[in-house]
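Peer 1: Sharing a structure here in structure tokens format.
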Amino acid sequence: MNTGNPREKEEPKTSVSFIEQIIQEDLREGKNNGRVHTRFPPEPNGYLHIGHAKAICLDFGMAQKYGGKCNLRFDDTNPTKEDVEYVDSIKEDIHWLGFDWENREFYASDYFGKLFDFATDLIKRKLAYVDDQTAEMISRQKGNPSQPGEESPFRNRSVEENLDLFYRMNEGEFDEGSRVLRARIDMTSPNMHMRDPIIYRIIKIPHHRTGTKWNVYPMYDFAHGQCDYFEGITHSLCTLEFEVHRPLYDWFIDQLKSSDDYKPRQIEFNRLNLTYTMMSKRKLLELVQEGNVNGWDDPRMPTLCGLRRRGYTPESIRKFVDLIGYTKVEAINDVSLLEHAVREDLNLRAPRVFGVLNPLKVVITNYPEDKVENVEVVNNPEDESTGTRQVPFSREVYIEQDDFMEVAPPKFFRLAPGMEVRLKGAYIIKCESFRKNEDTGAVEEVHCTYDPATRSGGHLSEKKVKGTLHWVSVQHAVDAEVRLYDRLFSHEDPAGQKEEDYRKFLNPGSLKVLTGCKVEPSLASAKHLDKFQFQRLGYFCIDYDSAPGHLVFNRTVQLKDTWAKVSVERK
RNA sequence: UGCUCUGUGGUGUAAUUGGCAACACGUCUGACUCUGGAUCAGAAAAGUUCAGGUUCGAGCCCUGACAGAGCAACCA
Numbered sequence: 014m015n016t017g018n019p020r021e022k023e024e025p026k027t028s029v030s031f032i033e034q035i036i037q038e039d040l041r042e043g044k045n046n047g048r049v050h051t052r053f054p055p056e057p058n059g060y061l062h063i064g065h066a067k068a069i070c071l072d073f074g075m076a077q078k079y080g081g082k083c084n085l086r087f088d089d090t091n092p093t094k095e096d097v098e099y100v101d102s103i104k105e106d107i108h109w110l111g112f113d114w115e116n117r118e119f120y121a122s123d124y125f126g127k128l129f130d131f132a133t134d135l136i137k138r139k140l141a142y143v144d145d146q147t148a149e150m151i152s153r154q155k156g157n158p159s160q161p162g163e164e165s166p167f168r169n170r171s172v173e174e175n176l177d178l179f180y181r182m183n184e185g186e187f188d189e190g191s192r193v194l195r196a197r198i199d200m201t202s203p204n205m206h207m208r209d210p211i212i213y214r215i216i217k218i219p220h221h222r223t224g225t226k227w228n229v230y231p232m233y234d235f236a237h238g239q240c241d242y243f244e245g246i247t248h249s250l251c252t253l254e255f256e257v258h259r260p261l262y263d264w265f266i267d268q269l270k271s272s273d274d275y276k277p278r279q280i281e282f283n284r285l286n287l288t289y290t291m292m293s294k295r296k297l298l299e300l301v302q303e304g305n306v307n308g309w310d311d312p313r314m315p316t317l318c319g320l321r322r323r324g325y326t327p328e329s330i331r332k333f334v335d336l337i338g339y340t341k342v343e344a345i346n347d348v349s350l351l352e353h354a355v356r357e358d359l360n361l362r363a364p365r366v367f368g369v370l371n372p373l374k375v376v377i378t379n380y381p382e383d384k385v386e387n388v389e390v391v392n393n394p395e396d397e398s399t400g401t402r403q404v405p406f407s408r409e410v411y412i413e414q415d416d417f418m419e420v421a422p423p424k425f426f427r428l429a430p431g432m433e434v435r436l437k438g439a440y441i442i443k444c445e446s447f448r449k450n451e452d453t454g455a456v457e458e459v460h461c462t463y464d465p466a467t468r469s470g471g472h473l474s475e476k477k478v479k480g481t482l483h484w485v486s487v488q489h490a491v492d493a494e495v496r497l498y499d500r501l502f503s504h505e506d507p508a509g510q511k512e513e514d515y516r517k518f519l520n521p522g523s524l525k526v527l528t529g530c531k532v533e534p535s536l537a538s539a540k541h542l543d544k545f546q547f548q549r550l551g552y553f554c555i556d557y558d559s560a561p562g563h564l565v566f567n568r569t570v571q572l573k574d575t576w577a578k579v580s581v582e583r584k
């Protein structure tokens, strides 16, 4: 049973979500001629965030798993909010996540003509009418969830008049808000969405794709299901809040469909909620517009481009999504699970480097003053194929301040007077004495001796010591500026913040900058230092765009309680 | 007080469709020591919101409560 490789854990039994059960059942029953066809339908009014990743993984994932296809369809029915900037970023982010829609890039606006024809068809069948009332009036007549609505005085207009008015609405003859087209269903329905829903409204702002061709635009409810139908979508996956829309979704398609053997089906699943994370697109937009963050890709943002810049890998995000599953329960997932997913992924592939955040000089008194030798260290203990690198070693090195204590408490296996420790890849050193700053009392320098026989790989290299430290040769060290980012929010859980006061939970822009950070020169150039290294060791968010010469830290940084706990100066 | 949906360890998900409530994250121990917060070993933690019912047997089926969420945009 034991394969001898502890890494080869048994594949965890992947549970089958209720959605998959539905798909499997449909397949078994031969519905849709055995086709599975899904779609991912973002509105291009903002950047994709981690919540969208959950939907993307589902939509594309189900298609992949069941030999089907998944379309990308931009839900661009409201030109007042939408922009090509968002279209481009959405496509980039989906690709980055690892999914592809091939040549099936569609837009709800592709179907404006068909939708318009369908609307006129409904008018002719007395299933739609133009309402001249104000928004307030229509809203009042709608009643409320516990009280039935009343019918509009325009509800029984003639087909001819409705047709004429609807055409003229589209020709731009009427002002925005002056008239709408409504489906004629049931003003007394217990489902608010069935009370003669508005299906077309006048908008005179140019559309990012169709320009000024249209003056009327379909509402979501009038577009989405029909688009699904036009594209041959079999399973239309969306989030829970659309559950009450389903009867309307079905109603339109029933009016539209021409065959009985095919009909798209809407299935709802729970949206992603993360602790300490706000997922509202509108509020994220506000943060960007108000300059509280440095854009959609600010490393603190929960957007995919923010996470990417922060060093998250697509694999880790997919893993995370896989972990949390799809149900109908409104769950709040712990960010620590996301963090676990990155760690697990990065641990296997991130190259390791040495670095010191808060340097403490160590002088190896019996090491020749002018000698320099290269020691060899592995780039990644989890992956031999990444090879080794040479690191210069000399008489004076920096170690992390936290790696030294004047008085070692029990179980402190790092450096303290009289204690021995290995400098990783190099020698075992012993602490003989230390010097304090007379004014501050802070330890300024530690004096050690080394045992030349203990060099890594040598005869006595098998000698055991309890601790191993990262280090950086003083004369080869390079200063680096490191930018640490905290989470976007702190303290309370902004995921639960309904009010506008979520801003007060914002963390500062960046927990700027470590002074005196040292890095070995060979690693200080940007091409050696990619996001993985940063991510890996510190699990800090580091702005790796911000230049060459960054650094890394060793284990002594307290990661466990981290984020803000690291002693850095806030800007 | 209408309609729809949902209640399983701290958190998120399972439970072969009625058969000993399982897994992951987190937490806590211990071990290891060229360090990765990796790996290994172990522990605590729910009797499935509550009350009835059907059944040899219920997390699963039925009834009724209770709790939470969504729905009254010319947003999606």
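In the working numbering, the protein residues as written are 14 to 584.
Where is the CB? At the ideal position from N, CA and C, for every residue including glycine.
Quick caveat: nothing in here was measured; it's all calculated off a predicted structure.
1. Mapping the DSSP letters down to three states, classify VAL456 as helix, strand or coil.
2. In terms of residues, what are the limits of the alpha helix (DSSP H) holding THR133?
3. Decide if the stretch 106 to 122 is in contact with the stretch 75 to 89; the criterion is three or more beta carbon pairs, one per stretch, under 8 Å apart.
4. Does VAL342 come out as helix, strand or coil in the three-state DSSP assignment?
5. Keeping to the same chain, check which residues put their C-beta closer than 7 Å to that of VAL334; ignore five residues upstream and five downstream.
6. Based on the DSSP secondary-structure assignment, which residues constitute the bridge partners of ARG313?
7. For the beta strand (DSSP E) holding ASN84, just list the boundary residues, first then last.
8. Pick out the complete beta strand (DSSP E) segments inside the stretch 409 to 441, 3 residues or longer, and give them in chain order.
9. For CYS83 and PHE53, which I take to be in contact (beta-carbon distance under 8 Å), what is that distance rounded to the nearest angstrom?
10. Under a Cβ-count criterion, where at least 16 other Cβ atoms within 10 Å of its own Cβ denotes burial, should PRO92 be classed as buried or exposed?
11. How is the alpha helix (DSSP H) around ALA66 delimited, first residue to last?
12. Just to confirm the assignment: which complete beta strand (DSSP E) runs, minimum length 3, are found wholly within the stretch 162 to 218?
13. For the stretch 383 to 393 and the stretch 412 to 422, state whether three or more C-beta atom pairs, one from each stretch, are separated by less than 8 Å.
14. According to DSSP, is LYS479 part of a helix, a strand, or is it coil?
15. Output the boundary residues of the alpha helix (DSSP H) element that contains PHE10.
16. PRO277 and SER249 look like a contact to me (Cβ under 8 Å); what is the Cβ gap, rounded to whole Å?
17. On a CA-only basis, which of GLU95, GLU173, LEU194, ASN379 is nearest ASP144? Give me that one, please.
18. Bridge partners of ASN387, per DSSP?
19. Between which two residues does the beta strand (DSSP E) harbouring PHE255 extend?
20. If distances are taken between C-alpha atoms only, which option among GLY324, TYR60, SER202, GLN160 comes closest to TYR99?
21. With DSSP as the reference, please indicate the residues paired to ASP144 in a beta bridge.
22. Taking buried to mean at least 16 other C-beta atoms within 10 Å of its own C-beta, is ASP241 buried or exposed?
23. Suppose contacts are defined by Cβ-Cβ distances below 8 Å. Is ALA439 in contact with SER469 by that definition?
24. Grouping DSSP H, G and I as helix and E and B as strand, with all else coil, what is ARG362?
25. Once DSSP output is grouped into helix, strand and coil, what is the label at VAL369?
26. Report the CB separation of LYS64 from ARG284 in whole angstroms; it is logged as a contact under 8 Å.
27. I'd like the span of the beta strand (DSSP E) that includes TYR120, first residue to last.
28. Going by C-alpha distance, which of HIS50, VAL29, SER28, ARG41 is nearest GLN279?
29. Do three or more CB pairs link the stretch 99 to 110 to the stretch 160 to 170 at distances below 8 Å?
30. So what's ASN46 in DSSP terms, helix, strand or just coil?
31. For TYR230, report the span of its beta strand (DSSP E) as first-last.
32. Taking the C-alpha atoms as reference points, what is the distance between GLU413 and SER349?
33. Under 8 Å by Cβ, that's how I've got LYS479 and PHE426 pegged, so tell me the actual separation to the nearest angstrom.
34. Just to confirm the assignment, what range does the alpha helix (DSSP H) spanning PHE502 have?
35. Among LEU482, ASP347, ARG356, which residue has its Cα nearest to the Cα of GLU395?
36. Quick check on the DSSP output: the alpha helix (DSSP H) that includes LYS294 runs from which residue to which?
Peer 2: If we stick to the structure as given:
1. For the purposes of this step, residue 456 is taken as the residue at position 443 of the first sequence. If DSSP states are grouped into helix, strand and coil, VAL456 belongs with the strands.
2. For the purposes of this step, residue 133 is taken as residue 120 along the first sequence, with counting starting at 1. First-last of the alpha helix (DSSP H) with THR133: 125 to 137.
3. yes
4. Translated into positions along the first sequence, residue 342 becomes position 329. VAL342: coil per DSSP, three-state reduction.
5. By one-based count along the first sequence, residue 334 stands at place 321. ALA66, LYS67, CYS70.
6. The residue you call residue 313 lines up with position 300 of the first sequence. According to DSSP, which records beta bridges pairwise, ARG313 is partnered with nothing at all.
7. Within the first sequence, the letter at position 71 stands for residue 84. Per DSSP, ASN84 belongs to the beta strand (DSSP E) from 82 to 87.
8. 409 to 413, 433 to 436
9. Position 70 of the first sequence, counted from the start, is the residue given in the question as residue 83. Position 40 of the first sequence, counted from the start, is the residue given in the question as residue 53. Correct: roughly 6 Å between the Cβ atoms.
10. Position 79 of the first sequence, counted from the start, is the residue given in the question as residue 92. PRO92 should be labelled buried.
11. To locate residue 66, count along the first sequence from 1; it is residue 53. Where ALA66 is concerned, the enclosing alpha helix (DSSP H) stretches over 63 to 78.
12. 193 to 196, 211 to 215
13. no
14. Numbered from 1 along the first sequence, position 466 holds the residue referred to as residue 479. LYS479: coil per DSSP, three-state reduction.
15. Absent from the model: residue 10. The displayed extent of the chain is 14 to 584, so no value can be given.
16. Residue numbering aside, residue 277 sits at position 264 when the first sequence is read from its first letter. Residue numbering aside, residue 249 sits at position 236 when the first sequence is read from its first letter. Right, the Cβ-Cβ distance comes to about 5 Å (below 8 Å), so this counts as a contact.
17. What you label residue 144 is simply residue 131 of the first sequence in a count that begins at 1. Selected option, being the one with the closest Cα: LEU194.
18. Here residue 387 refers to the residue found at position 374 when the first sequence is read from its first residue. According to DSSP, ASN387 bridges with PRO405.
19. In the first sequence, residue 255 corresponds to position 242, counting from 1. Here PHE255 belongs to no beta strand (DSSP E), and DSSP marks it neither H nor E.
20. Numbered from its first residue, the first sequence carries residue 99 at position 86. Checked all of GLY324, TYR60, SER202, GLN160; the closest Cα to TYR99 is TYR60.
21. Within the first sequence, numbered from 1, the residue matching residue 144 stands at position 131. Under DSSP, ASP144 forms a beta bridge with VAL193.
22. In the first sequence, counting from the first residue as 1, residue 241 sits at position 228. Label assigned to ASP241: buried.
23. Translated into the one-based positions of the first sequence, residue 439 becomes position 426. Translated into the one-based positions of the first sequence, residue 469 becomes position 456. In this structure, SER469 lies closer than 8 Å to ALA439 by Cβ.
24. Start at 1 with the first residue of the first sequence, and residue 362 comes out as number 349. Helix.
25. For the purposes of this step, residue 369 is identified with residue 356 of the first sequence, where counting begins at 1. Of the three classes helix, strand and coil, the one that applies to VAL369 here is strand, per DSSP.
26. Counting from one through the first sequence, the residue named residue 64 turns up at place 51. Counting from one through the first sequence, the residue named residue 284 turns up at place 271. Inspection of the sequence shows that residue 64 is occupied by Gly rather than by Lys. About 6 Å; that satisfies the 8 Å criterion.
27. Stepping through the first sequence from its first residue, residue 120 is reached at position 107. TYR120 -> beta strand (DSSP E) spans 118 to 120.
28. The residue given as residue 279 occupies position 266 in the first sequence. Ranking the options by Cα distance to GLN279, first place goes to HIS50.
29. no
30. Translated into positions along the first sequence, residue 46 becomes position 33. Three-state result, ASN46: helix.
31. Here residue 230 corresponds to residue number 217 of the first sequence, with the count starting at 1. Residues 229 to 231.
32. Against the first sequence, residue 413 aligns to sequence position 400. Against the first sequence, residue 349 aligns to sequence position 336. For GLU413 and SER349, the distance between alpha carbons rounds to 27 Å.
33. Position 466 of the first sequence, counting from 1, holds the residue named residue 479. Position 413 of the first sequence, counting from 1, holds the residue named residue 426. The Cβ separation is near 4 Å, so the contact holds.
34. The count along the first sequence starts at 1 and reaches residue 502 at position 489. Segment: none, PHE502 is in no alpha helix (DSSP H) and carries neither H nor E.
35. The count along the first sequence starts at 1 and reaches residue 395 at position 382. Closest option to GLU395, Cα to Cα, is ARG356.
36. Within the first sequence, residue 294 is the residue found at index 281, counting from 1. First-last of the alpha helix (DSSP H) with LYS294: 294 to 302.
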